[in-house]
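S.K.: If you scroll down you'll find the structure; I have some questions about it.
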Amino acid sequence: MALAKKLLALLLITALLGVSMAAVYKVGDSAGWTMMGNVDYGKWASTKNFHSEDVIVFEYNNEYDNVKQVTHEDFQSCNVGSPITVYSSGSDSISLKRPGHYYFLYAYPGHCQAGQKVEVLVTPSSFGSSTDSPTSAPYALPPSTMTMTMTSPNPIPAKNIISSLHPIQLWYALAVLIALFVAAH
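Going by my numbering, the first residue of the sequence shown is number 47, and it counts up by one from there.
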């Protein structure tokens with residue numbers, strides 16, 4: 047019986063080691079989303095390794111600023127006329143659900159041209175979910191693939207381990223827990 051418990055505990059640990067820990071990144075780090083401080087958003091993004099399920103947070107004064115998600119073409123030309131999504135809360139948390147390029151810019155005239163825009167390249171997460179296949183379009187994803195959640199703006203791992211489990215890992219962990227419970231009784 048003791049050997050069975052040890053084996054089941056080992057299986058549970060193995061399942062949990064495969065957990066994907068999503069990271070949260072504040073765009074522009076301490077400066078946030080602004081023209082003040084001369085943030086090089088391209089350089090900022092190039093120093094990060096974004097993965098599926100990571101979250102980016104745009105923090106700014108919502109009386110003056112906003113964030114628009116746009117297509118690659120609109121990003122290149124700083125065209126703000128037909129955004130995919132507009133964010134304006136002042137603290138927008140955007141979950142990067144799928145691999146691919148995401149393009150964001152600020153709509154006030156001259157700001158995009160001066161560099162208040164960011165391209166985020168998302169690579170598949172480590173556990174290889176079925177949602178981790180590259181998109182067919184070479185530009186930003188439609189808003190239906192994204193969710194807004196309020197999270198900590200610090201680049202820390204997600205605290206809710208269950209929500210970051212791949213569905214197969216979740217079922218495996220649940221089966222191990224049930225087996226542990228049965229073995230203990």
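Backbone N, C-alpha and C fix where the C-beta goes; we use that ideal spot for every residue, glycine too.
Starting from residue 146, trace the alpha helix (DSSP H) in both directions and tell me its first and last residue.
M.R.: Run containing residue 146: none in the alpha helix (DSSP H); it sits in the beta strand (DSSP E), 146-151.
S.K.: Candidates 152, 86, 158: which alpha carbon is nearest residue 75's?
M.R.: Measuring from the Cα of residue 75, the nearest candidate turns out to be 86.
S.K.: Helix, strand or coil: which one does DSSP assign to residue 76?
M.R.: Helix, per DSSP.
S.K.: From 157, 96, 101, pick the residue whose C-alpha is nearest to that of residue 146; which is it?
M.R.: Nearest C-alpha to residue 146: 96.
S.K.: Is it buried or exposed for residue 106, if we count other Cβ within 10 angstroms and need 16 for buried?
M.R.: The residue in question, residue 106, is buried, as its Cβ has 16 or more Cβ neighbours within 10 Å.
S.K.: What would DSSP say about residue 87, mapped onto helix, strand or coil?
M.R.: In the structure shown, residue 87 sits in a helix (DSSP, three-state: H, G or I).
S.K.: Are the CB atoms of residue 114 and residue 132 within a distance shorter than 8 Å?
M.R.: Yes, the Cβ-Cβ distance between residue 132 and residue 114 is below 8 Å.
S.K.: Could you please give the first and the last residue of the uninterrupted alpha helix (DSSP H) stretch that includes residue 122?
M.R.: Taken as a continuous stretch (DSSP letters only), the alpha helix (DSSP H) holding residue 122 covers 118-123.
S.K.: Among the candidates 148, 79, 155, whose CA atom is the shortest distance from the CA of residue 116?
M.R.: Residue 116 has its Cα closest to that of 148, out of 148, 79, 155.
S.K.: Where does residue 228 sit, in a helix, a strand or coil, going by DSSP?
M.R.: Helix at residue 228.
S.K.: Based on the DSSP secondary-structure assignment, which residues constitute the bridge partners of residue 97?
M.R.: Answer is 169.
S.K.: Report the three-state DSSP secondary structure of residue 92 (helix, strand or coil).
M.R.: Helix at residue 92.
S.K.: What does the alpha-carbon distance come out to for the pair residue 68 and residue 102?
M.R.: Near 11 Å, if we compare the C-alpha coordinates of residue 102 and residue 68.
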